Amino acid sequence: MISNKNEFRQEPRPLRSRIATLFSAAALCAILGNAAALAQTSAAPQVAAPPMLDAAVPTPEPASPAQASPVQSEPGPIAQPATAPEPVMEETRHLPRANGLPPSILPQDLSPWGMFLNAVLTVKIVMVGLAIASLVTWTVMFAKIVELWYAKRSARRGLEILAHAPSLHRAEKEFGQTKSPVGRLVAAAVGEADRSEGLASEGIKDRAATLLSRIEAQGARAISREMGILATIGAVAPFVGLFGTVWGIMDSFIGISKSNTTNLAVVAPGIAEALLATAMGLLAAIPAVVLYNAFARAITGYRAQLGDAAAEVLRHLSRDLDREALPQHEGAPVVPMRQSAE
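When the letters of the sequence shown are read in order and numbered with the numbering used here, they come out as residues 4 to 345.
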């Protein structure tokens, strides 16, 4: 009997060990299930999903009440009701903003006139000065074209008169009261010959040559009066435009630093306004340089015409002086230059 009682007392031990083992295995499975669910939710990419798709994350249910008692699963998030999407017009209201900037500070007009109006005061002054310089260039161009045309025409006519006149006095009558440079050359030579009547012919020729050279230089100086304006505009205008560009870019950088943005919609207009000053400087300088070179060649040709006229006057003067001196050697009466011309 004693042995039977001991056997009866020893039989429940395997049963209790089996129950403990099953309970431990269930608890371990519940823990591993919760850990796997948490790892899946943390590894998923964070993408904003529509509210209606936001569902609760499922958790493994315990197999038995004994398994669910040691570990309690966290409740999943409550599903939110789906909301209707906002109208498209509400989204388009914010499209003109660039990096948080209101549309009021963004440029509206990028035409040359619009960029001029939006430029700073210093750049505006530079642009106005360059526009005035360009206007002066074109004004000088039209005035100089007319002046050179008239001067060359007068010089050609004077050379024709000198080529067909038999003496200086006859040529002087042909010119009359005109104040052309060639007419002044003839009048100066005749006046010097009349004032030096009875003196040596070589001295008369030297004094007449000096006087004619001065008149020739004066005529060339008069025709070159506006050339300095073209030279100044052609040399200075690009640097004035560059000054406006540098100032405009500096102001653009200051605006960028104040707005705390590097958006091209904010940076580009200021730089474009600054570069407009350089464009206007080149617009004033390039025609000035081209016109200066063209007028310089034309003035060189005109000075050559005056030189030819002066040489022709000296040739007539030498012939008239020799004509006056010739009868003295032959015993004939001396005929003055004015009487010989008549």
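Idealized CB from N, CA, C, for every residue including glycine.
Remember, it's a predicted structure, so these values are computed and weren't measured experimentally.
Item: Same chain, Cβ closer than 7 Å to LEU320, five either side skipped, listed in chain order; Value: LEU171, ALA192, ALA196, LYS208 and ALA211
Item: 8 Å Cβ cutoff met for LEU165 and ILE226; Value: no
Item: First through last residue of the alpha helix (DSSP H) which encompasses THR140; Value: 124-167
Item: Stretch-stretch touch, CB-based, cutoff 8 Å, three pairs: the stretch 232-239 with the stretch 274-281; Value: no
Item: Close beta carbons around ALA287, own chain, < 7 Å, minus the five adjacent residues each side; Value: LEU133, ALA136, SER137, THR140, ILE236 and ALA240
Item: Option in PRO184, ALA174 and GLN180 with minimal Cα separation from ARG224; Value: PRO184
Item: Extent of the continuous alpha helix (DSSP H) run through THR248; Value: 230-262
Item: Alpha carbon of ASN328 to alpha carbon of GLU200, nearest angstrom; Value: At residue 328 the sequence reads Ala, which differs from the Asn that was named. So the alpha carbons of these two residues sit roughly 11 Å apart.
Item: Which listed residue (ALA203, GLY251, GLY161 and ALA277) has its alpha carbon closest to that of GLY310; Value: GLY161
Item: Cβ-based neighbour list, LEU214, same chain, cut-off 8 Å, excluding 5 preceding and 5 following; Value: ALA191, ALA192 and GLU195
Item: Anticipated Cβ contact below 8 Å, ALA158 with TYR295, distance rounded; Value: Not quite, the Cβ-Cβ distance comes to about 22 Å (not below 8 Å), so this is no contact.
Item: Run of the alpha helix (DSSP H) containing GLU200, from where it starts to where it stops; Value: No alpha helix (DSSP H) contains GLU200, which DSSP labels as neither H nor E.
Item: Pair within 8 Å by beta-carbon distance, SER204 and LEU317; Value: no
Item: Distance between GLN308 and ARG326 (C-alpha atoms, nearest Å); Value: 27 Å
Item: Three-state class that DSSP yields for ASP325 in the structure shown; Value: helix
Item: Under the three-state DSSP convention, the category GLN180 falls into; Value: coil
Item: Straight-line Cα distance separating MET130 from GLY244; Value: 8 Å
Item: Per-residue burial, GLY179 [other beta carbons within 10 Å of its own, 16 or more giving buried]; Value: exposed
Item: Three-state class that DSSP yields for SER216 in the structure shown; Value: helix
Item: The stretch 245-252 / the stretch 118-128 touching (three or more Cβ pairs under 8 Å); Value: yes
Item: Neighbourhood of GLU219 by C-beta, 6 Å cutoff - its chain only, sequence neighbours within 5 removed; Value: LEU309 and ALA313
Item: Exposure label - GLU175; buried when at least 16 CB within 10 Å; Value: buried
Item: Inter-residue Cα distance where the pair is VAL293 and ASN121; Value: 32 Å
Item: Proximity of GLY231 and GLY251 at Cβ, strictly below 8 Å; Value: no
Item: Option nearest ARG217 by Cα separation, candidates MET144, ARG187 and THR181; Value: ARG187
Item: Rounded distance between the beta-carbons of MET144 and ALA275, thought under 8 Å; Value: Not confirmed; about 30 Å, so no contact.
Item: Inter-residue Cα distance where the pair is VAL149 and TRP116; Value: 33 Å
Item: GLY222 burial status per 10 Å Cβ neighbour count (16 or more: buried); Value: buried
Item: Burial state of LYS147 (16 or more Cβ within 10 Å); Value: buried
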